[in-house]
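Student: The sequence shown begins at 308 in the numbering used here and counts up by one.
Ideal placement from N, C-alpha and C gives every residue a C-beta, glycine not left out.
My questions will all concern the structure given below.
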Amino acid sequence: MSITISSQYSPLSRWLGRNIRWVYGIGFIGLQAIVQFPIFNSSLPMLSDYPNHLARMHILLNAGRLADLNNFYEIHWAAIPNLAMDAVVPGLASIVGLELAGKLFLGLLLLLISSGTIALHYVLHRRFSPWPFMVFLFLYNQIFLFGVVNFLFGIGVALWAITAWILVSSAPRWWHMFAFSLIAILLLLCHLSAFAFFALVVAAYECRHVGLGKEGARRWRALGILAVTLIVPIVFFLMFSPTGELQKIDLHGLTLPQFIMGTLLAKPFYLVSVFFMNYEKLLDGFTLIVVSTILIRGHFSGWLVVHRSMVLPLSFVGIAYLLVPHEFYGSWMADSRLLTALAFIFLGSTDFKSNMTPSLRILLASFLVCLLFVRTIVIVDYWKQADTLTASATKALDKLPTGTRVFVAFSKEKSNDTFVDMFGIFLPCLAIISRSAFVPSLYSQPGAQPVSLTPQFRLTKAPMPGPEIPRGQNPDWDRVLQDYDYVWVADHATFASFPSARLSIMATDARFDLYRVLKK
Numbered sequence: 308m309s310i311t312i313s314s315q316y317s318p319l320s321r322w323l324g325r326n327i328r329w330v331y332g333i334g335f336i337g338l339q340a341i342v343q344f345p346i347f348n349s350s351l352p353m354l355s356d357y358p359n360h361l362a363r364m365h366i367l368l369n370a371g372r373l374a375d376l377n378n379f380y381e382i383h384w385a386a387i388p389n390l391a392m393d394a395v396v397p398g399l400a401s402i403v404g405l406e407l408a409g410k411l412f413l414g415l416l417l418l419l420i421s422s423g424t425i426a427l428h429y430v431l432h433r434r435f436s437p438w439p440f441m442v443f444l445f446l447y448n449q450i451f452l453f454g455v456v457n458f459l460f461g462i463g464v465a466l467w468a469i470t471a472w473i474l475v476s477s478a479p480r481w482w483h484m485f486a487f488s489l490i491a492i493l494l495l496l497c498h499l500s501a502f503a504f505f506a507l508v509v510a511a512y513e514c515r516h517v518g519l520g521k522e523g524a525r526r527w528r529a530l531g532i533l534a535v536t537l538i539v540p541i542v543f544f545l546m547f548s549p550t551g552e553l554q555k556i557d558l559h560g561l562t563l564p565q566f567i568m569g570t571l572l573a574k575p576f577y578l579v580s581v582f583f584m585n586y587e588k589l590l591d592g593f594t595l596i597v598v599s600t601i602l603i604r605g606h607f608s609g610w611l612v613v614h615r616s617m618v619l620p621l622s623f624v625g626i627a628y629l630l631v632p633h634e635f636y637g638s639w640m641a642d643s644r645l646l647t648a649l650a651f652i653f654l655g656s657t658d659f660k661s662n663m664t665p666s667l668r669i670l671l672a673s674f675l676v677c678l679l680f681v682r683t684i685v686i687v688d689y690w691k692q693a694d695t696l697t698a699s700a701t702k703a704l705d706k707l708p709t710g711t712r713v714f715v716a717f718s719k720e721k722s723n724d725t726f727v728d729m730f731g732i733f734l735p736c737l738a739i740i741s742r743s744a745f746v747p748s749l750y751s752q753p754g755a756q757p758v759s760l761t762p763q764f765r766l767t768k769a770p771m772p773g774p775e776i777p778r779g780q781n782p783d784w785d786r787v788l789q790d791y792d793y794v795w796v797a798d799h800a801t802f803a804s805f806p807s808a809r810l811s812i813m814a815t816d817a818r819f820d821l822y823r824v825l826k827k
């Protein structure tokens, strides 16, 4: 194995060459500590959907043990391709507690993605390069901040599965078919999109290598093994998963040509927004300029090279990103999710071989580490502010009686503004944990989650047209006042009318009001 840190034989270059494994390992641990810190420093990580997910974990953890929860929620385990957190956290929570188990899951998610990207790079390029460490700048993307954790956990597993496939595909054995079929089923159960990503990459990788002669015969055997490997989970999904019954594509009232055109026009925006529109727009813009400069400079100078075996896989994933709509098989931001996976595999498939001196390389690396550190400080600051909101919400929800019913009302125009807004919308789900409450905004769609509402409360859930109320419209207040005991109004949402005479304020904050329903 050749270790390439610099083509120059300076003392610094020789020292790095002798100690590259230690330097690499210490660098990975240090960067990992930076990105893990916000998760374990906050009382409740400010991922928009996270309170909702954590409430579902509580239900799974206490299945059959709490009468009030059994009254509202029921559990139906099935081959749902969205089970990463549901399979890991409840068991872990029985040992370390729910709060720590959730954080450990998030930490493992980041570890899988970062280490998987670096492992893929090493298997392809056979050198310890600092280039794949760029992955740490992309971990806190919009998909993660929105709390799409099952998908991202699956992508972390997929990166390792792709790495393992590349390692063994040059000398395929029939037992690989059994092993990778199990891995593929595991990926499918983590998340459907993670399995699709794995299938697309390894299929393109093998198609790239199919040829004639002895080497070609081995590749054809590998392709045959791959075909069986992928067919098994697909048949498993079609036979046993209830997810296939969900709506495939929502056109949102548009004609098909309008929908396709709108989807394509939005793709360039997602390229920027997914990675460079988080909390501080000025810092995000600066990061975009830095990353773009490195990529453009690397491309035109010939420093940035793509491993030849990964050109076709990268192309396939890129084309899939263009073709996949924003909402698919019940998955919101389906194309943006694929974009994050594309970024990770791009970093693993490429290498940056510049003619800069070791000193300049260290200077550039130090600058990027400082940039990561500053971005992390911003995240820590915002999450600390969210801790204040969480504490206020928890204090308000603790006033509720056990087994109560809490209606959550919020305005569509308000709920899509920031991650903080959406996080606040799902905070009432914490009442499920602390008060065994019924909260209709819990993710409980049959075929999408193992937790669903009991038949009695499926009818109670929807006294309004959809999960969000457009500004100036109303929920069905008559049904709300009849079926619920408390009303949580997020972000002081505006409605055409408000039954103030039937509601008594219990708690108020900058981002919510909690009312008690005055029963007749």
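Which of the three DSSP states is assigned to Asp705 in this structure?
Tutor: coil
Student: Do you know offhand how far Leu649's Cα is from Gln449's?
Tutor: 14 Å
Student: Buried or exposed: where does Asn457 fall if 16 or more other Cβ atoms within 10 Å of its Cβ makes it buried?
Tutor: Classification of Asn457: buried, given that the 10 Å Cβ count is 16 or more.
Student: Comparing alpha-carbon positions, which option in Ser699, Arg765 and Tyr586 lies nearest Glu381?
Tutor: Out of Ser699, Arg765 and Tyr586, the CA that lies nearest to the CA of Glu381 is found in Arg765.
Student: Give the single residue among Asp816, Val509, Leu413 and Tyr791 whose Cα lies nearest to the Cα of Leu427.
Tutor: Val509
Student: Hey, would you say Val794 sits closer than 8 Å to Phe730, going by beta carbons?
Tutor: no
Student: For Thr683 and Phe547, I'd like the C-alpha separation in whole angstroms.
Tutor: 42 Å
Student: To which residues does DSSP link Trp438 through a beta bridge?
Tutor: Its beta-bridge partners do not exist; DSSP assigns none.
Student: Considering only residues of the stretch 343-381, which uninterrupted alpha helix (DSSP H) runs meet the minimum length of 4 residues and lie entirely inside it, listed in chain order?
Tutor: 357-368 and 374-379
Student: Considering only residues of the same chain and omitting the five flanking positions on each side of Tyr750, which have a CB-CB separation below 7 Å?
Tutor: Within the same chain, Tyr750 has close Cβ partners Asn359, Arg363 and Gln756.
Student: Over what stretch of residues does the beta strand (DSSP E) that includes Phe651 continue unbroken?
Tutor: That residue, Phe651, is in no beta strand (DSSP E); its alpha helix (DSSP H) goes Ala641 to Ser656.
Student: Have a look at Gly754 and Leu419 and give me their C-alpha separation to the nearest angstrom.
Tutor: 27 Å
Student: Could you spell out where the beta strand (DSSP E) holding Tyr822 opens and where it closes?
Tutor: Phe819 to Val824
Student: Rounded to whole angstroms, what is the Cα-Cα separation between Val535 and Met484?
Tutor: 7 Å
Student: Restricting to Cα atoms, I'd like to know which of Arg433, Val455 and Arg325 is closest to Arg644.
Tutor: Val455
Student: Per DSSP, which residues does Pro757 bridge with? Please list them.
Tutor: According to DSSP, Pro757 bridges with nothing at all.
Student: When you compare the CB positions of Ala531 and Leu494, do they come within less than 8 Å of one another, or not?
Tutor: The residue you asked about is not Ala; residue 531 is Gly in the sequence shown. Against a cut-off of 8 Å, the Cβ pair of Leu494 and Gly531 comes out as no contact.
Student: Figure out for me which residue from Ser661, Ser616, Phe445 and Leu537 has the closest Cα to the Cα of Arg604.
Tutor: Ser661
Student: With a 10 Å radius around its C-beta and 16 neighbouring C-beta atoms as the bar for buried, classify Phe451 as buried or exposed.
Tutor: buried
Student: Kindly indicate which three-state DSSP category Leu499 falls into: helix, strand or coil?
Tutor: helix
Student: Alpha carbons only, please: which of Val442, Gln339, Ile333 and Pro437 is nearest the one belonging to Leu670?
Tutor: Pro437
Student: Count the CB pairs spanning the stretch 336-344 and the stretch 392-399 that are closer than 8 Å, and state whether there are at least three.
Tutor: no
Student: Can you name the residues that DSSP bridges to Thr815?
Tutor: Asp820
Student: Which of the three DSSP states is assigned to Trp527 in this structure?
Tutor: helix
Student: Taking the C-alpha atoms as reference points, what is the distance between Tyr822 and Phe802?
Tutor: 15 Å
Student: Which word fits Glu513, buried or exposed, when buried means at least 16 other C-beta atoms lie within 10 angstroms of its C-beta?
Tutor: The Cβ neighbour count for Glu513, taken over all protein chains shown within 10 Å, is at least 16; the residue is labelled buried.
Student: Just tell me which of Trp481, Ile740, Leu810 and Ile387 has its CA closest to the CA of Leu839.
Tutor: This structure gives no information on residue 839, because the portion of the chain shown stretches from 308 to 827.
Student: Take every Cβ of the stretch 685-700, pair it with every Cβ of the stretch 470-480, and state whether three or more of those distances are shorter than 8 Å.
Tutor: no
Student: Helix, strand or coil, according to DSSP, for Ala797 in the structure here?
Tutor: strand
Student: Please name the residue or residues paired with Ala716 in a DSSP beta bridge.
Tutor: Paired residue(s): Val796.
Student: Residues in the same chain with beta-carbon distance under 7 Å from Tyr577, minus the five sequence neighbours each way, listed in chain order, please.
Tutor: Asp642, Ser643 and Leu646
Student: In angstroms with no decimal places, state the Cα-to-Cα distance between His606 and His614.
Tutor: 14 Å
Student: To the nearest angstrom, how far is the alpha carbon of Lys827 from that of Thr815?
Tutor: Looking at the two C-alpha atoms, the distance is approximately 24 Å.
Student: Is the Cβ-Cβ distance between Ala573 and Pro540 less than 8 Å?
Tutor: no
Student: Shortest alpha-carbon distance to Phe659 belongs to which of Val796, Val612, Thr424 and Leu361?
Tutor: Val612
Student: Is the CB-CB distance between Phe412 and Ala465 below 8 Å?
Tutor: no
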